[in-house]
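First the structure, in the form of structure tokens, and then the observations on it.
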Amino acid sequence: VFRVFGGEKILDLMERFRLGDEIPLQSPMVNDTLDKVQQAVEEFFKKTRTTLFEFDKVISKQRELTYKTRANFLSSSDDKVKELVYEWGADSVDVFLEVNKDKDAEAIVKEYKEYYGWEMPEVQSMLQAEGTKEYKPSPELLEKLKENVKQGVDKKWAEYEDFRGGFALEAARIVTVVTIDDEWKILLGKMDALKQTVGL
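In UniProt numbering, the protein residues as written are 1 to 200.
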């Protein structure tokens, strides 16, 4: 503690007055330094407790929102579930483009296939024509990408329904809940690591 909050000051005093380790630290100057160190320690831990309390408040709020989202999804109608799948698919395009904004058109097309699981030959020429432009795709390209994702969702949905009636909805609900739970666990792990760092 002294090393962090004032050890150098105390060591300097001991060397200045040629004090050995066996000499009691009883001078007014030393006592004043120790008092300041004690105040610094108390202030440090007060701030730490306050910060950790704020972290706990954030986690509590996030927990409330996460489980509310989870519960709302589980209680949603079948039509609403499919609507949400479409929305998430469209939103994923924005995320995908942001992550791959520094890549050329050919690389993006390849990443797209690996990410979504299907080709998009009809938009490849649009990508090549537009280039990256600091990756601000045109509204037409963005709309085409999102439409392509919707078509891919419809195709997968039909495949699941051909396998067994109602399987597509089951899969959508299960995958979504598992994803929410996994992301929540990851967030908790990061917050715990952050709390430990702050508490050091």
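Backbone N, C-alpha and C define an ideal beta-carbon position, used for all residues, glycine too.
Notebook entry, point to check: How would you write the range of the alpha helix (DSSP H) that P139 sits in, first residue to last?
Noted result: Mapped onto the sequence shown, residue 139 falls at position 139. That run of the alpha helix (DSSP H) goes P139 to F163.
Mind checking which residues open and close the alpha helix (DSSP H) that includes S92? Against the sequence shown, residue 92 aligns to sequence position 92. D78 to V99 is the span of the alpha helix (DSSP H), which, as asked, contains S92.
- request: Evaluate the contact criterion for the segment 95 to 114 versus the segment 155 to 167: three or more CB pairs, one atom per stretch, below 8 Å.
  value: no
Report task. Would you mind sorting L194 into buried or exposed? The rule is 16 or more other CB atoms within 10 Å of its CB. Result -> Position 194 of the sequence shown, counted from the start, is the residue given in the question as residue 194. The residue is exposed, with fewer than 16 neighbouring Cβ atoms inside 10 Å.
Anticipated Cβ contact below 8 Å, E111 with K103, distance rounded
Looking up residue 111 in the sequence shown gives position 111. Looking up residue 103 in the sequence shown gives position 103. Yes, E111 and K103 are in contact; Cβ-Cβ is about 7 Å, under 8 Å.
| query | Apart from the five residues just before and just after V81, which ones in its own chain have a Cβ nearer than 7 Å to its Cβ? | reply | If you number the sequence shown from 1, residue 81 lands on position 81. If we look at V81 and ignore the five residues flanking it on each side, its Cβ neighbours are L169, A172 and R173.
Next item on the list: From the DSSP output, in three-state form, read off K103 for me.
Entry: Reading the sequence shown from its first residue, position 103 is the one you call residue 103. Three-state DSSP puts K103 in coil, outside helix and strand.
message = Quick check on G189: does DSSP put it in helix, strand or coil?
response = For the purposes of this step, residue 189 is identified with residue 189 of the sequence shown, where counting begins at 1. Helix, per DSSP.
Checklist entry - What whole-angstrom Cβ distance do G89 and K185 have, given they're in contact under 8 Å? => result Against the sequence shown, residue 89 aligns to sequence position 89. Against the sequence shown, residue 185 aligns to sequence position 185. Going by Cβ atoms, the distance from G89 to K185 rounds to 24 Å, so no, they are not a contact pair.
Discussion item. Spatial neighbours of E85 within its chain, please: C-beta separation below 7 Å, excluding the five flanking residues on both sides.
Written reply: Here residue 85 refers to the residue found at position 85 when the sequence shown is read from its first residue. A small fix is needed here, since residue 85 is Val in this sequence, not Glu. Cβ within range, chain order: V153 and A172.
- With a CB to CB cut of under 6 Å and the five nearest residues on each side skipped, what residues in its chain are close to Q38? By 1-based counting over the sequence shown, the position of residue 38 is 38. For Q38, where only same-chain residues beyond five positions count, there are no Cβ hits under 6 Å.
Quiz prompt | Identity of the residue in A40, R49, E43 and K36 nearest Q196 by Cα | solution = Position 196 of the sequence shown, counted from the start, is the residue given in the question as residue 196. It is R49 whose Cα lies nearest to the Cα of Q196.
TODO: Find out if the Cβ-Cβ distance for the pair R70, I180 is shorter than 9 Å.
DONE: In the sequence shown, residue 70 corresponds to position 70, counting from 1. In the sequence shown, residue 180 corresponds to position 180, counting from 1. In this structure, I180 lies closer than 9 Å to R70 by Cβ.
- Query: What did DSSP end up calling S75 once you bin it into helix, strand or coil?
  - Reply: Numbered from 1 along the sequence shown, position 75 holds the residue referred to as residue 75. Looking at S75 - three-state DSSP - the assignment turns out to be coil, as it is neither helix nor strand.
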